[in-house]
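Reading through the structure tokens given below for one structure.
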Amino acid sequence: MKTKTIALALLLSTLGVTACTDSDKEPKGDVKEEMMSEMDDKGEAMSDSMESAKEMASDTWDEAKDTASDAYEGGKEMATEAYESGKDKASDMMDDGAEKGDELKDAASDKMYEACVKMKEKMGGDVSECEKDN
């Protein structure tokens, strides 16, 4: 058993030394070129990712601006409509108020005339002295 373990250790150490010497035989320039090529590939991939992220951010910004602009225009239209509607309602209310004022004025004038006539009839005066404004 001891012999097998020693043989196995010897075999492994021989293979290890052979593998190490083979890697030493590889030209260092090839490894360097391979590493540089890999780094260039990674750099290009990163550059592409950055460019894609920039484009996505730009598109998102443009969409946000368009949405904000649409919301602003919609709000402006709603405010204009509300202003016009309020203006029309105020005008209608003033017209209604003026009509109501005229009606009340006429009613008051009629009541004054009636009161004048009753007073003249009771007190014995000339009813023709009572004036009717309307």
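If you count the sequence shown from 1, you need to add 422 to reach our numbering. Beta carbons: idealized from backbone N, C-alpha and C, even for Gly.
Original post:
Helix, strand or coil for residue 519 per DSSP?
Top reply: Residue state, collapsed to three classes: helix.
**OP:** Round the Cβ separation of residue 542 and residue 552 to the nearest angstrom and send it over; I've been treating them as touching at under 8 Å.
**Re:** In this structure, residue 542 and residue 552 form a Cβ contact; the two beta carbons are roughly 6 Å apart against a cut-off of 8 Å.
Subject >> Three-state class that DSSP yields for residue 554 in the structure shown >> reply: Residue 554: coil per DSSP, three-state reduction.
**OP:** Work out the CA separation of residue 550 and residue 540 for me, nearest whole Å.
**Re:** Counting only the Cα atoms, residue 550 lies some 12 Å from residue 540.
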